[in-house]
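Here the structure comes first, spelled out in structure tokens, and everything after it is commentary.
Protein chains: 2
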Amino acid sequence: MNASAPRAPAKPTGLDCRLAVLGSDVRLTPHRREVFDVLASSTDHPTAYDILDRVKSRSPHISLATVYNCLEHLTTAGLIKQVQLERGQSRYCANLHEHVHFHCETCGKVSDAHPAADFDPAKFWNLPKGTKVTRMDIAIHGTCEACTAKH
Amino acid sequence: MNASAPRAPAKPTGLDCRLAVLGSDVRLTPHRREVFDVLASSTDHPTAYDILDRVKSRSPHISLATVYNCLEHLTTAGLIKQVQLERGQSRYCANLHEHVHFHCETCGKVSDAHPAADFDPAKFWNLPKGTKVTRMDIAIHGTCEACTAKH
DNA sequence: TTTAGAATTAGAATGATTCTAATTGCATTA
DNA sequence: TAATGCAATTAGAATCATTCTAATTCTAAA
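First to last, the sequence lines map onto chains A and B.
Counting in the numbering used here, the first sequence runs from 1 upward without gaps.
Counting in the numbering used here, the second sequence runs from 152 upward without gaps.
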């Protein structure tokens with residue numbers, strides 16, 4: 001064991017600002033902020049590669065490993081959500097409002113849909129007594145408005 | 152181009168029986184039947200490796216490639232469903248009744264939960280007019296009864 | 001300033017799945 | 001019954017997304 005007590009986490013100063021959200025926090029380093037900003041200004045649920053491409057326009061030397069690292073930290077902190085709609089690449093989303101994902105099987109686009117105000121999902125399924133629910137992932141697959149019209 | 156017309160698909164004879172379900176069909180070869188039977192008698196949503204293990208007790212020489220191949224054919228035919236609860240291995244399920252998956256984040260077990268009789272999922276989300284829904288994937292994550300009790 | 005820990009990086013390693021090419025099996029046609 | 005041709009099966013290679021590793025750089029507190 002090391003005799004010295006663990007140092008307290010660094011406090012926000014200059015660029016090293018933090019955001020406390022949902023009881024967790026992250027050091028918002030420049031790269032993490034860029035990744036977050038890219039995601040916050042996207043509505044298309046980009047993959048890690050998509051995010052790499054977009055962040056590169058501001059930070060040409062950022063690596064894929066860093067993008068994955070940033071995404072993990074932001075996800076752990078609850079600032080963004082990882083979305084697994086199908087096997088293969090994960091997608092990411094900065095919309096923290098309760099919502100479901102609509103996936104168009106024709107054009108591949110993913111969009112958010114928001115529930116009606118009175119929707120209480122848990123009560124519709126007969127879960128055994130004592131079950132605790134922490135989150136729900138709802139994905140709706142089909143054909144979007146545009147693709148339906150084109151047909 | 153080959154001058155001969157394509158041969159009509161083989162008809163059911165002996166082992167080469169088919170099942171027509173949801174407008175599609177599969178040749179139910181011995182391996183496909185074994186994979187299907189394993190799945191139909193499992194409630195734990197096994198992965199491809201799990202299925203390989205179980206089928207091996209009857210067909211010791213079956214390969215992982217064949218298991219994947221069978222799973223793909225059975226999925227395409229609508230006899231089973233692929234379930235993607237998190238990144239990594241896909242799981243498979245032969246329960247074709249409308250249901251949602253409950254995933255215990257403590258013990259990792261996956262179980263089915265069935266909706267209340269009057270549940271009409273589509274009407275709860277404000278999807279753009281013209282959107283066509285073909286299927287919904289609903290995953291509920293949390294702590295199962297047993298793990299909650301142990302705590 | 002020094003220093004310890006965290007962030008970043010490139011590239012290797014991993015894990016799950018898909019692809020490829022060769023072989024085998026089965027059912028129709030000769 | 002034998003020949004034929006497609007589908008099924010196989011082992012192993014290839015691929016893809018992600019995670020890991022080890023080295024380097026950065027940041028902020030001492």
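Glycine included, C-beta positions come from ideal geometry on N, C-alpha and C.
Please read all numbers here as calculations on a predicted model, not as lab measurements.
**Request:** Report buried or exposed for Gly108/A, applying the criterion of at least 16 other Cβ atoms within 10 angstroms of its Cβ.
**Result:** If you draw a 10 Å sphere on the C-beta of Gly108/A, you find fewer than 16 other C-beta atoms in it, and that means exposed.
**Message:** Along the segment 278-290 of chain B, where does the CB come closer than 8 angstroms to a CB of chain A? Name the residues.
**Reply:** Residues Leu278, Pro279, Lys280, Gly281, Thr282, Lys283, Val284, Thr285, Arg286, Met287, Asp288, Ile289, Ala290.
**Message:** Closest to Lys81/A by C-alpha separation, out of Tyr92/A, Val26/A, Thr143/A, Ser41/A, would be which residue?
**Reply:** It is Tyr92/A whose Cα lies nearest to the Cα of Lys81/A.
**Prompt:** What are the start and end residues of the alpha helix (DSSP H) that includes Arg242/B?
**Reply:** No alpha helix (DSSP H) holds Arg242/B; the beta strand (DSSP E) holding it covers 242-244.
**Message:** In whole angstroms, give me the CA-to-CA distance for Val133/A and Ala48/A.
**Reply:** Val133/A and Ala48/A: Cα-Cα distance of roughly 28 angstroms.
**Request:** Select from the segment 83-100 of chain A all residues with a C-beta closer than 7 angstroms to any C-beta belonging to chain B, and list them in chain order.
**Result:** Within the segment 83-100 of chain A, the residues whose Cβ lies closer than 7 angstroms to some Cβ of chain B are Gln84, Glu86, Arg87, Ser90, Val100, listed in chain order.
**Prompt:** Excluding the five sequence neighbours on either side, which residues of its own chain have a C-beta within less than 7 angstroms of the C-beta of His73/A, listed in chain order?
**Reply:** Same-chain partners within the cutoff: Val26, Arg32.
**Request:** Throw me the rounded Cβ distance for the Val251/B and His196/B pair, which I believe falls under 8 angstroms.
**Result:** Their Cβ separation, rounded to whole angstroms, is 12 angstroms, which puts Val251/B and His196/B out of contact at 8 angstroms.
**Prompt:** Starting from Ala48/A and walking both ways along the alpha helix (DSSP H), at which residues does that stretch end?
**Reply:** Element bounds for Ala48/A: 48-56.
**Request:** Let me know the secondary structure DSSP gives Thr217/B once reduced to three states.
**Result:** In this structure, Thr217/B counts as helix in the three-state DSSP scheme.
**Prompt:** Mind checking whether Ser262/B and Phe270/B have CB atoms under 8 angstroms apart?
**Reply:** It is not a contact, given that the beta carbons lie outside the stated cut-off.
**Message:** Taking the alpha carbon of His114/A as the reference point, which residue from Pro128/A, Asn69/A, Ala139/A, Lys129/A has its own alpha carbon closest?
**Reply:** Comparing alpha-carbon positions, the option among Pro128/A, Asn69/A, Ala139/A, Lys129/A lying closest to His114/A turns out to be Ala139/A.
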